[in-house]
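Asks: Be aware that the sequence shown starts at 1, since it is given in the UniProt record's numbering, and climbs by one per residue.
Glycine residues also receive a C-beta, built at the ideal position from the N, C-alpha and C atoms.
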Amino acid sequence: DELLDVLDEEGQLTGVAKPRKEIHQAGDWHQAVHAWIVSKRQRTVLLQQRVFTKKLFPGRFDISSAGHVQAGHTAIQTAIQETEEELGLQYPAEMFQHLGRLKHTIRVPTHAEVYRQYVDVFLIELADEIPLCDFKLQPEEVLQVVWVEWQDLRRRMEQGDPTLTDYDAPVQCFF
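Okay, here's the thing in structure tokens:
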């Protein structure tokens, strides 16, 4: 179980690190990252479909790449690492535009857990879509990736599309 830094209510480090499972069971604040990949020319955004074995939102379409920030790591380090691990894409830090930080809570009644996260949101703007065959997906995390027109995704978010994760909704304020 990976170690995560515990944050206080204002999102500051407390100096305490705990295993991820303990943080979720206790409802401690911790840090995560979301990296959205968009194509400017096609006006599309990349979504990944989560594998059906995931505890949260199995089989749903999600952020291009996301993950927890491990203890001692930074948000940008994690965004770079997760994008490479989940999608097989390597980008330098300069390509990750920091859009802001969200305070986000998800309750998981089936597992008696509360995810209290400060989420750093990043945007990676590409000139064109990457062909789907060029991705090297992490099989234990990602079932497939799809390019979706941004306007279509926004409409689906506004309508509460059940095929999307709940993580997608708060990001509307950034686009």
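Find the nearest neighbour of ALA9 within the set GLN117, ASP128, ASP62, judged by alpha-carbon distance.
Replies: It is worth fixing the name first, because residue 9 is Glu in this sequence and not Ala. If we check each option's Cα against that of GLU9, GLN117 comes out closest.
Asks: If contact is defined by three or more beta carbon pairs under 8 Å, each pair taking one atom from either stretch, is the region 149-161 in contact with the region 62-69?
Replies: Result no; under three Cβ-Cβ pairs closer than 8 Å.
Asks: Could you check the C-alpha separation between GLU141 and THR165 for me, to the nearest Å?
Replies: So the two alpha carbons sit approximately 14 Å from each other.
Asks: With respect to the beta strand (DSSP E) encompassing ALA17, which residues constitute its N-terminal and C-terminal limits?
Replies: Per DSSP, ALA17 belongs to the beta strand (DSSP E) from 13-19.
Asks: Measuring only the C-alpha atoms, how far is GLN42 from GLU129?
Replies: About 7 Å.
Asks: THR74 CB to nearest chain D CB: under 8 Å?
Replies: Going by chain labels, chain D is absent from the structure shown, which holds only one protein chain.
Asks: Is there contact between the region 38-57 and the region 122-139, where contact requires at least three CB pairs shorter than 8 Å?
Replies: Yes: at least three Cβ pairs fall under 8 Å.
Asks: Determine the closest residue to GLN138 out of LYS54, GLY11, LEU3, THR14, with distance taken between C-alpha atoms.
Replies: Ranking LYS54, GLY11, LEU3, THR14 by Cα distance to GLN138 puts LYS54 first.
Asks: Judging by CA-CA distance, which residue of LEU4, TRP29, GLN25, HIS24 is the nearest neighbour of ALA17?
Replies: Closest option to ALA17, Cα to Cα, is LEU4.
Asks: By Cβ distance below 7 Å, which residues in the same chain neighbour ILE106 in space, the five residues on each side in sequence not counted?
Replies: Excluding sequence neighbours, ILE106 sits near TYR115, ASP166.
Asks: What's the call for GLU86, buried or exposed, on a 16-neighbour Cβ count within 10 Å?
Replies: When all chains shown are included, GLU86 counts as buried.
Asks: Helix, strand or coil for GLN77, going by three-state DSSP, please let me know.
Replies: Helix.
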